[in-house]
Structure formats: C-alpha cells, structure tokens
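Peer 1:
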Amino acid sequence: MKKLRIGVVGLGGIAQKAWLPVLAAASDWTLQGAVVAYARQSPANL
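With the UniProt record's numbering as the guide, the letters of the sequence shown map in order to residues 1 to 46.
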C-alpha cells in the first residue's frame, strides 16, 4: 500500500497537541511540506 502524503498548514498549539503526536505514532505517511505564517501586529493589520 502507498504511504499517505501529508502537508501541514500551521504548526501552532493545536497541531502540537493534536495532530503531530498522532502523526509521530503512525508510520504509513510521509511529510510533503509544512507552512507557517508569521504576521506582525500593527494598526494596519487590525
């Protein structure tokens, strides 16, 4: 059977507490990519 190819969008608290532990325990997948967005707080962004 082929391995599941996974892309992760966001690596914040929910990913660290929910998704990443589950993925770490599984062996039938490969990481294809991960994206994290950083934005500075400024009045223009509010």
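Just so it is clear, CB atoms sit at the ideal spot from N, CA and C, and this is done for glycine as well.
Computed from a predicted structure; not experimentally measured.
1) Of all the options Ala26, Leu31, Gly12, Asp28, which has the alpha carbon lying nearest to the alpha carbon of Ala37?
2) DSSP state of residue 51, grouped into three classes?
3) Going by DSSP in three states, Gln41 sits in which element: helix, strand or coil?
4) In whole angstroms, what is the alpha-carbon distance linking Val8 and Lys17?
5) Which residue wins for smallest C-alpha separation from Arg23, given the options Pro43, Met1, Arg5?
Peer 2: The structure says:
1) Gly12
2) Lying outside 1 to 46, the shown extent of the chain, residue 51 is not represented and no answer is given.
3) coil
4) 14 Å
5) Here the sequence assigns Leu to residue 23, which means Arg is not the residue at that position. Ranking the options by Cα distance to Leu23, first place goes to Arg5.
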